[in-house]
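Chemist:
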Amino acid sequence: MTRAEFLRSIDCLEYEDAYDAFPLTEGVRNAFFLDFPSFAKLGESSDNPGLFYLSSYLQLAYECHEKYSERGISDDIYFATFSDISVWASWYQRHTGKVGLDRINWLRHHVNLEIFRLGELQAEPAIKPLDDVWKSVDTSLPLFFIHIPEGVDLSKAEDSFQRILSFFHCSKAMFLIHSWLLSPEVACMLDEKSRIRNFASLFTLLGTEDDRQAEERIFGFISDNPFSYPESSSLAVKAKKYLESGGRILSGYGYREVSLK
């Protein structure tokens with residue numbers, strides 16, 4: 612597979628110049644895998660941290676193809692997983708006007724083969740022991756954290772759960788989620804046919820957290836002045852009005868047990 616084919620397949624062809632901006636030396640590669648804080652410091656001390664991280668992650672992701680092949684993981688899953696780089700590079704460009712990347716702790720999991728995109732959802736095997744918020748969950752089953760990429764079709768979530776079980780060779784598993792999509796406040800703003808509301812209903816709600824995740828996802832940024840938020844969708848209109856009145860939109864913790872069909 613050529614580099615251009617790789618970049619095209621993860622929707623990053625526009626960042627081909629960024630790929631070469633900071634050659635991935637053995638020192639940088641070792642820092643990433645053996646001493647990640649040192650890798651982060653290397654980026655911060657460069658003349659363009661955002662570009663350093665984008666360049667490094669594109670090269671590290673390209674090298675990951677060999678690891679995927681050794682494990683017999685298909686190119687479709689490989690490309691889908693690393694298309695997340697495009698999502699966050701686009702996010703960075705929208706917010707800074709520059710080419711780069713800053714979600715290095717998140718994308719680190721992709722390079723370490725700890726997160727895979729299977730269908731519409733991303734799955735991450737959970738490491739025990741879990742935080743206290745999950746203490747009521749049955750931990751005798753295989754556990755997976757679920758993450759929702761930007762712009763996915765939530766109506767196809769059931770297919771993703773089945774694909775995750777098959778990929779990890781599980782007949783049954785417990786899926787854990789922490790997301791604004793499970794926000795009780797958001798649910799009240801949506802009609803019964805809403806894909807977000809239907810997706811949230813798949814999970815048992817354990818608790819909530821005031822982390823402002825919903826504001827970032829709905830409006831694209833977080834502001835201490837809710838009147839500055841754009842009314843770009845019907846949900847944004849309702850959420851903005853709610854925040855302007857002094858309300859807070861919480862994110863939710865939930866879990867769901869699923870069996871392989």
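Residue numbers (my numbering): 612 to 872. Beta carbons are placed, not taken as given, at the ideal position from N, Cα and C, and that holds for glycine. Everything numeric in this text was worked out from a predicted model, so none of it was measured.
(1) What's the call for Ser862, buried or exposed, on a 16-neighbour Cβ count within 10 Å?
(2) Run through the segment 711-773 for me and flag every whole alpha helix (DSSP H) of 4 or more residues, listed as ranges in chain order.
(3) Would you list the one or two residues that DSSP bridges to His601?
(4) Round the Cβ separation of Ser666 and Tyr630 to the nearest angstrom and send it over; I've been treating them as touching at under 8 Å.
(5) At what residues does the alpha helix (DSSP H) containing Glu674 begin and finish?
(6) With DSSP collapsed to three states, give me the class of Thr692.
(7) Just the Cα atoms here: how many angstroms apart are Glu855 and Glu625?
(8) Just tell me which of Asn809, Ile788, Leu787, Pro634 has its CA closest to the CA of Val797.
(9) With a CB to CB cut of under 6 Å and the five nearest residues on each side skipped, what residues in its chain are close to Gly711?
(10) Where does Lys872 sit, in a helix, a strand or coil, going by DSSP?
(11) So, using beta-carbon positions, are Glu803 and Lys767 closer together than 8 Å?
(12) Residues in the same chain with beta-carbon distance under 7 Å from Tyr673, minus the five sequence neighbours each way, listed in chain order, please.
(13) Among Ala825, Ile726, Val763, which residue has its Cα nearest to the Cα of Lys851?
(14) Helix, strand or coil for Lys804 per DSSP?
(15) Which residue comes first and which comes last in the beta strand (DSSP E) that contains Glu820?
(16) Any chance the segment 841-850 sits against the segment 761-778, with 3 or more Cβ pairs inside 8 Å?
(17) Under the rule that 16 or more other beta-carbon atoms within 10 Å means buried, what is Ser747, buried or exposed?
(18) Bridge partners of Lys851, per DSSP?
(19) In three-state DSSP terms, what is Ala784?
Modeler: If we stick to the structure as given:
(1) Counted from its first residue, the sequence shown places residue 862 at position 251. So Ser862 counts as buried.
(2) 715-722
(3) The chain is shown from 612 up to 872; residue 601 falls before or after that span and cannot be answered.
(4) For this step, residue 666 is matched to residue 55 along the sequence shown. For this step, residue 630 is matched to residue 19 along the sequence shown. Ser666 to Tyr630, Cβ: 6 Å. Contact.
(5) On the sequence shown, position 63 is the one that residue 674 refers to. 660-681 is the extent of the alpha helix (DSSP H) around Glu674.
(6) Taking the sequence shown and counting its residues from 1, the one referred to as residue 692 is at position 81. Reduced to three states, the DSSP call for Thr692 is helix.
(7) The residue given as residue 855 occupies position 244 in the sequence shown. The residue given as residue 625 occupies position 14 in the sequence shown. Spanning the two alpha carbons is a distance of roughly 39 Å.
(8) Your numbering for residue 797 matches position 186 in the sequence shown. Of the candidates Asn809, Ile788, Leu787, Pro634, the one whose C-alpha sits nearest the C-alpha of Val797 is Asn809.
(9) On the sequence shown, residue 711 is found 100 positions in, with the first residue counted as 1. Around Gly711: Gly661, Leu662, Leu665, Tyr703.
(10) For the purposes of this step, residue 872 is taken as the residue at position 261 of the sequence shown. Looking at Lys872 - three-state DSSP - the assignment turns out to be coil, as it is neither helix nor strand.
(11) Translated into positions along the sequence shown, residue 803 becomes position 192. Translated into positions along the sequence shown, residue 767 becomes position 156. The answer is no: Cβ separation not under 8 Å.
(12) Against the sequence shown, residue 673 aligns to sequence position 62. Arg614, Phe617.
(13) Along the sequence shown, one-based indexing puts residue 851 at 240. Checked all of Ala825, Ile726, Val763; the closest Cα to Lys851 is Ala825.
(14) Position 193 of the sequence shown, counted from the start, is the residue given in the question as residue 804. It is coil, neither helix nor strand.
(15) Taking the first residue of the sequence shown as position 1, residue 820 is located at position 209. Its beta strand (DSSP E) spans residues 815-820.
(16) no
(17) Residue 747 sits at position 136 when you count from the first residue of the sequence shown. Per the 10 Å Cβ criterion, exposed.
(18) The residue labelled residue 851 in the question sits at position 240 within the sequence shown. Its beta-bridge partners do not exist; DSSP assigns none.
(19) Start at 1 with the first residue of the sequence shown, and residue 784 comes out as number 173. Residue state, collapsed to three classes: strand.
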